[in-house]
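*Asks:*
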Amino acid sequence: MPEDRVLQKEIKKLNQIGIALSSEINLEKLLELIVREAREFTRADAGSLYILEDGKLFFHVAQNETLIRRPDPPPGFKPYPLPLSRESVAGYVAITGEILNIENVYSLPEIVPYSFNPDFDLRNDYVTRSMIVVPMKDREGQILGVLQLINAMDKTTTVTVFPKSVEDLVMSLASQAAVAIRNAKLIVDIKRLFEALIRYSVSAIDARSPHTAGHSRRVAAYSGAIALAINKQTTGPLADVFFTPEQTEELSYAAWLHDIGKIGVPERILDKKNRLSDEAMEAIVNRFELIKALKLNRIHQAWHAGNISSPEVGKNGPDDSISEEINKVQQEIEADLSIIQRVNRSHFLSDEDLATLEVIASKTYENLSGNMTPCISEKEFKHLSVKKGNLTAEEYERIQTHVELTHNILKNIPFTKTLKNVPFFSATHHELLDGTGYPGGLKGDEIPLQSRILSVVDVFDALTAADRPYRPAISPEKGGEILKAEAEAGRLDKNIVNLFLDKELYTI
Ligand SMILES: [Fe+2]
Ligand SMILES: [Fe+2]
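Residue numbers (our numbering): -17 to 490.
(1) Ser30 bridges to which residues according to DSSP?
(2) Under the rule that 16 or more other beta-carbon atoms within 10 Å means buried, what is Pro405, buried or exposed?
(3) Would you identify the three-state DSSP class for Ser359, choosing helix, strand or coil?
(4) Could you check how far apart the C-beta atoms of Tyr74 and Pro95 are, in whole angstroms? I think they sit under 8 Å.
(5) Considering only their Cβ atoms, is the gap separating Ile114 from Phe482 smaller than 8 Å?
(6) Taking the beta strand (DSSP E) that Leu82 falls in, what are its first and last residues?
(7) Identify every run of the alpha helix (DSSP H) within the stretch -12 to 33, keeping only runs that are complete inside it and at least 4 residues long; order them along the chain.
(8) Between the C-alpha atoms of His193 and Asp253, what's the straight-line distance to the nearest angstrom?
(9) So the alpha helix (DSSP H) Ile273 belongs to, where does it begin and stop?
(10) I'd like to confirm something about Val385: is its beta-carbon nearer than 7 Å to some heavy atom of ligand 1, or not?
(11) Quick check: is any heavy atom of ligand 1 less than 7 Å from the C-beta of Asp188?
(12) Please report the straight-line C-alpha distance between Lys(-5) and Val(-12), rounded to a whole angstrom.
(13) Given Phe270, which residues of its chain have a CB within under 6 Å of its CB, disregarding the five upstream and five downstream residues?
(14) To the nearest whole angstrom, what separates the beta carbons of Ala166 and Leu9, a pair I think is in contact under 8 Å?
(15) When you compare each of Glu14, Ser112 and Asn83 to Asp27 by their alpha carbons, which one comes out closest?
(16) Please indicate yes or no: does the CB of Val201 lie closer than 7 Å to some heavy atom of ligand 2?
(17) My assumption, with CB atoms under 8 Å, is that Arg21 sits in contact with Leu131. Please give the rounded CB distance.
(18) Would Asp120 pass as a contact of Ala178 if the rule is Cβ separation under 8 Å?
(19) Taking three-plus beta-carbon pairs below 8 Å as touching, is the stretch 78 to 97 in contact with the stretch 36 to 56?
(20) Using a 10 Å radius around the Cβ and a threshold of 16 neighbouring Cβ atoms, would you call Ile490 buried or exposed?
(21) Nearest to Lys11 by alpha carbon, out of Gly29, His42 and Lys38?
(22) From what residue to what residue does the beta strand (DSSP E) around Ile114 run?
(23) Which residues does DSSP list as the beta-bridge partners of Pro63?
(24) From Asn(-3) to Gln(-10), what does the alpha carbon distance come to, in whole angstroms?
(25) On the three-pair Cβ rule with 8 Å, is the stretch 274 to 282 touching the stretch 227 to 242?
(26) If I measure Cβ to Cβ from Leu331 and keep anything under 7 Å in the same chain, skipping five residues before and after, which residues do I get?
(27) Considering only heavy atoms of ligand 1, does any lie closer than 7 Å to the CB of Asp103?
(28) Give the straight-line distance between the Cα atoms of Ile245 and Ile381, rounded to the nearest whole angstrom.
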């Protein structure tokens, strides 16, 4: 083939490689692709790639055709750092930016500062001979790493040298690779930044109440563990389900963000310890003191006016009757107050206590202006007479609005295509399979698997996390029993509950 035709063909191939590299945004896959394409382009038997980071060279990719074809190929490896020094071949290229085209690494001239480390060859019974080592420079000339191609093969698969003519093309390929690496790293950096922003802001929202601190982090961790466990299932009802890395990431974002709408729920509701706020309870205590003082004052006035008479007159005359009257009033007021205080702290309200509360609510006193006023207001009665828990119906509804708010916040975030379902998954974490959840009352198949996972772990964490305002935390075992009962009742997904409990994924 004429030389210019060969060159044209190679440039065309180089362009194709450039396009392939620029469309890969996953950094690890990109690095593998760079080495693979470069090896194919230069007919190299092996290749490795180093990334320069924080003044160190990180060995990221190693491909070796000869070794991989052996019956016992060497295991994969984790990236590890090498000191950046002129003594190694890769270090020399990373520092100087020069290209090295070495005929035989075992017969390097004495004058060169670098040497070849034969460890790899010895460990793997491999012989490295020719090598071309190029810096990966971006458009600004900054070196991002080093590409090393090993053992050029001729048509008869015999090791030969890398021809001089290939140097420019390999340099060009390495620059394209550098641009692609820079872009992929930029995406990684942006992702990290976005993730950190989410984690910190969500953790701050959770920490508004000590009772929900760390909740979203745990919900994300449990959800991730479930997705991972589902992927490992080879039998059973979840064996056919598989979460791709993108779907796992989408679930993680949905988990982290599921309660972001709580930012719009006042702290006094989120963090409510008792039926009444401390301030409201203090106001009642002060009022009852006043009622007592006013009533006792009226008794004294009546006594002075001689209005306290038979049949209340005691056996020792009027003095005895006044003290009886005083005792009666004091005891009644104190008994009423102590019932209010007890009910205020309780999680359940008995019918008996409700009846007593109704009697107290019907009592009035004559205030300083001479007007008859109820001893406890309608609002106070409403808060105290909640049957279960400590939230009134309005407060409960207000808390429930966090889901719609979550959706409103998230739908305005321009999520990428692979994360497009985050708002929906997040906003459906309180939906229940039997349709009794909120806000949409969705049923069965209308609720995607991701939302079902979130609802299982959300309930579990609400039960088992640090003490709630109105009750202490319960054990994981007891929490598991409640999950099972909820699944049995058709509200939570049975398969997810079973997997979560059987694999003890809550211990992560
Ligand atoms: Fe929630
Ligand atoms: Fe939650």
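Each residue gets a CB set at the ideal place from its N, CA and C atoms; glycine is no exception.
*Replies:* Looking at the atomic coordinates:
(1) Ala44 and Gln130
(2) buried
(3) coil
(4) 6 Å
(5) no
(6) Leu82 to Ile84
(7) 9 to 24
(8) 7 Å
(9) Asp260 to His286
(10) yes
(11) no
(12) 11 Å
(13) Ile315 and Leu319
(14) 4 Å
(15) Ser112
(16) yes
(17) 6 Å
(18) no
(19) no
(20) exposed
(21) His42
(22) Met113 to Lys119
(23) Phe40
(24) 11 Å
(25) no
(26) Val325, Ser367, Val368 and Lys369
(27) no
(28) 10 Å
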